[in-house]
Structure formats: C-alpha cells, structure tokens
Amino acid sequence: MPTTITMPQLGETVTEGTVAQWLKKPGESVEKYEAFVEVSTDKVNAEVPAPVTGTIKELLVKEGETVATGTPIAVIEEVGAAASSARSTPAAEKAEANKQASQEPVPGKSDAPVAPAPAATAPSNGSHAGQAVSSEASLRGASPAVRRLAREHHIDIAQLKGSGQNGRVTADDVLAAARMGPAAAVGQAISAKPIPADGKSSYGDPIPGTTIPLNQARKIIAQRMVESKRTAPHAWSMVEVDVTDLWKWRTREKDRFVRDHGHSLTLLPFFIRAVIEAIGAFPLMNAKFTDEGIYVNKEVNIGIAIGLATNLVVPVIKNADKLSIKGLALAAGELIDKARRGKLGVDELAGGTFTVNNNGANGSYASAPIINGGQAGIVTMEAVVKKPVVTKDDAIAIRSMMNVCLSLDHRVVDGYVASGFLADLKKRLEAMGPDGAL
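Letter by letter, the sequence shown follows residues 706 to 1143 in the working numbering.
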C-alpha cells in the first residue's frame, strides 16, 4: 500500500522546508523510524524518519527545492507484516538480523552504537578497490550534519568504515574516530590543495581560487544578518570587568564539577546568571520592537551563540531565570554538545528573548555582534586578560580583566538604559567570588 510523505512542519512557526539531501533512492528499502531525507528550514537541519517500513517508490521533490509544509515529497510502498513473514527464509532472516545490527538507533532508544565504530586509519598509497567503493558509499550516504561534524574534528570521512545501513557513516563513527586522535604524522608538510575542476569548494574546507556555493543554512544566515542590520538601528557599548575573584571561584569548582556532572565548567554559566539578574533590573533588555509597540517578554529565554566550522546556531535555554549557576552550566553544556554533533532540535533553537556570546573563547578582545531578530540586544564576554590595574586604594595590582560588549536595538533601548544594564552586569560579575555557591 503506497504511503505519501509530506514536508513536515519542524516547529510552530515553520511554513516551508528545503530538501537538503535524499538519503534513500527510488527502489531502496527503508525501515520505520529510519532517516530517509534531510530537510533544511530557517531554524535547523533535521533528518526525517520514515513513518512506515517499505520501499521508496517515488521522490516528488528535487534536492535543493523548497516547498510548503504539507506538500507531498515522497511515496513509500508500505510492506505489510504478513507479506514480510511470508517471504521470510532462514537466509533472509539472517541477512535481516545483520542489517538491523548495523543500523543507527531508532528515536527514543539509547544513542550508543550497537557495535563500536572502527577507528579511522591512515590513508595508504595502495588503497584497495573495495575500500574505494566503501569510501564512495560513505561519502554519498553521510548526511550534511555528519560531514560537518567530521570537518570540525578534522576527520577524513572517506577513511571511515560506517556502522550505519549500507556502510553509511554516522555521527557516532566520527566521534569515535575523533577520540582515537589524528592519524596523520606530526610535522607532516602541508601541501597546497588543487583547485577542483568545477572551481568550487565547501565552507568547511575552503580552497583559494574557488567559489563556495551557498547552502540553505548559509543563505538563511545571510538573510537574517542583513535583515537585522537593515531593520534594527544598532548601537554599541562596552565595560571592563574585574573577574579575578570569579575566576578563582570557577577554578576552585571546575575539577569537581567535571567529576560530578561530566561537563566542563567555564565562565559562561556565571556570566549568564549575572545577565539574567541584570535583566531583572532592566527588563527593557528582554523586550522586542513590534508594530503595536515595545513588547516586554515575560519569559527569560537566553540564546547562546555557537559558531561551528560551517554554520552558526543559537540554541536557547528556556526559562533560564529559574536555573541556578549549576543548572545553567548543565543546560548550556548539553546544548553546546548537541550543536557540535548536529543533534539540536527545532524547539531548542526557537523562543530566545536575549542572546549571549562567548567570543572570548577564541581570544577576542572586543566585538560588535549583530542582534538576533526579535530581540533588543546581544552581549558578549571577551577574553580574560591579566593586566596591571589601579585598585580602590590607589595601589597597582595584577588583575584578571574581561571586556563585556553590548549591541542594542536603539528603537527599544536608549543609551541610559543600556549603560545602566552594563553597569549593573559589571557589579554583579565583580561581586561573584570563591565564597559563592553553584
């Protein structure tokens, strides 16, 4: 019985989606809950599972084509349980068992692979034909999210033996290879990459002299950035914060936190907590401009800007004002981990009311970020630098200093409110010290 699959609505406000990649071709079998297409929206890329077991009968939408939610995109010829059992033979059952063992986990099950993924092997000059076929298959079957993850970990996906169906490389395979460390020899000379015949390269692996085609995610990022700068009159301000005592607090807690919770303890959750408290004193920072007026949000949902090798995402900690520093650290750690693995859900990327950005992790001293649409501001924490500072008693001491930068929508926030917010944030950060509790 044929089953028509429609473009899913990946989020309440999503009205259309783009077929980023078909993971199955007509004539190929697909299991229920197995991903058969990757869909890109203005929120996120997501692999869509098949609702039934059967055979791909027809693909109705081409890769790269954008259609409205609810539009038919594929037809699956459903295989009934009775028909399946009637055709079963001992040999077929064994083949099916092997096939099931190699598949990725279905949603709701454990994320652990059925068997450990083989480690990446160093490329050899005399690769076998079978290996070449396997590499080609893995490249063809790996989803964009998995390829992006491989680039971020500097893993050559062509050298991996996939544990997914038909040898498809999964995220678990990439992460397992990353844990094994790089296969290339240390000190190996870096040679110039040849320009491809089509003159194109990728965002994660740019080659001088080539053009990088815009994928759906990059088009959306470009559109959103231009729209924000064109619509919201940006203003900028900065304060310098003494985080010496905060740094000591974080240093005291970090090893125990990793041991107890399995997440690193950075300055980010402390910073978010101080931002939340400063928003409580200056609620206009948690507002947005609308045609009816300035709407002050009731919820405090903090977005965390995360730059990846090929993309920029802003997952959201919902009701962040209800969380302690420890709760914020765990929530942020989980979202950052999901972002790096390409596992963020649509709901985790929606609903932000204010955004923080940790540019200092990359050594930035000062930055002027672009505001997310529908928000009044975005604040960055910059690199912590030790420098000589004149103290309150006119002595000179070496202190750990950090710049905090704020971009604001001047339609919503005036300089008086913005400077008050930054001053309040500075005061709260400088009051944090080793005697605090997570």
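Virtual Cβ for every residue (Gly too), placed ideally from N, Cα, C. The model shown is predicted, which means the values in this text are computed figures rather than measured ones.
{"Asked": "Could you tell me the boundaries of the alpha helix (DSSP H) in which Y1121 lies?", "Found": "G1120 to A1136"}
{"Asked": "Does the stretch 1068-1080 come into contact with the stretch 1036-1046, if we say contact requires no fewer than three beta-carbon pairs (one atom in each stretch) closer than 8 Å?", "Found": "no"}
{"Asked": "Rounded to whole angstroms, what's the CA-CA distance from R1116 to T1058? Just pull it up for me.", "Found": "16 Å"}
{"Asked": "Once you ignore the five residues that flank T936 on each side, which residues in its own chain have a CB closer than 8 Å to its CB?", "Found": "G1078"}
{"Asked": "Please name the residue, chosen from V742, R873, A751 and V749, that lies closest to A779 on a Cα-to-Cα basis.", "Found": "V742"}
{"Asked": "What are the boundary residues of the beta strand (DSSP E) that H939 is part of?", "Found": "H939 to D947"}
{"Asked": "Measure the C-alpha to C-alpha separation of M943 and E1087 and round it to an integer number of angstroms.", "Found": "10 Å"}
{"Asked": "I need the DSSP call for N1062, collapsed to helix, strand or coil.", "Found": "strand"}
{"Asked": "For T720, which residues in the same chain have their Cβ closer than 7 Å to its Cβ, ignoring the five residues on either side in sequence?", "Found": "A773 and T774"}
{"Asked": "Do you know offhand how far R955's Cα is from P1139's?", "Found": "8 Å"}
{"Asked": "With DSSP collapsed to three states, give me the class of D1114.", "Found": "strand"}
{"Asked": "If you count every other CB in all the chains shown that lies within 10 Å of the CB of E958, and 16 or more means buried, which is it?", "Found": "buried"}
{"Asked": "From D1157 to A992, what distance separates their C-alpha atoms?", "Found": "A query on residue 1157 cannot be resolved here, the shown segment of the chain reaching from 706 to 1143 and no further."}
{"Asked": "Considering only residues of the same chain and omitting the five flanking positions on each side of K905, which have a CB-CB separation below 8 Å?", "Found": "T915, T916, I917 and P918"}
{"Asked": "Does the structure place the stretch 975-986 close enough to the stretch 1127-1134 that three or more beta carbon pairs sit under 8 Å?", "Found": "yes"}
{"Asked": "Is F975 near L951, with beta carbons less than 8 Å apart?", "Found": "yes"}
{"Asked": "So, at 6 Å on beta carbons, what are the nonlocal neighbours of S734 in its own chain, with the 5 sequence-adjacent residues on each side left out?", "Found": "T760"}
{"Asked": "Starting from the Cα of I1030, find the closest Cα among A863, N750 and L1143 and give me that residue.", "Found": "L1143"}
{"Asked": "Relative to the C-alpha of G1056, which residue among E945, G1008 and I1101 is closest?", "Found": "G1008"}
{"Asked": "Quick one: grab the DSSP three-state call for K953.", "Found": "helix"}
{"Asked": "When you compare each of D1119, D1098, A1123 and G769 to C1110 by their alpha carbons, which one comes out closest?", "Found": "A1123"}
{"Asked": "Would you report the Cα separation of L879 and R929, rounded to the nearest angstrom?", "Found": "Rather than Leu, the amino acid found at residue 879 in this sequence is Val. If I take the Cα positions, the gap works out to 31 Å."}
{"Asked": "Quick check: what's the CA-CA separation for A822 versus A876?", "Found": "At A822 the pLDDT is 38, less than 50, meaning the model places this residue with poor confidence; the figure from the coordinates comes in the next sentence. Roughly 10 Å separates the two Cα atoms."}
{"Asked": "Just verifying my parser: in three-state terms, what is the DSSP assignment at L1145?", "Found": "Outside the shown range of the chain (706 to 1143) lies residue 1145, about which nothing can therefore be said."}
{"Asked": "Within 10 Å of its beta-carbon, does P899 have 16 or more other beta-carbons around it, so buried, or fewer, so exposed?", "Found": "exposed"}
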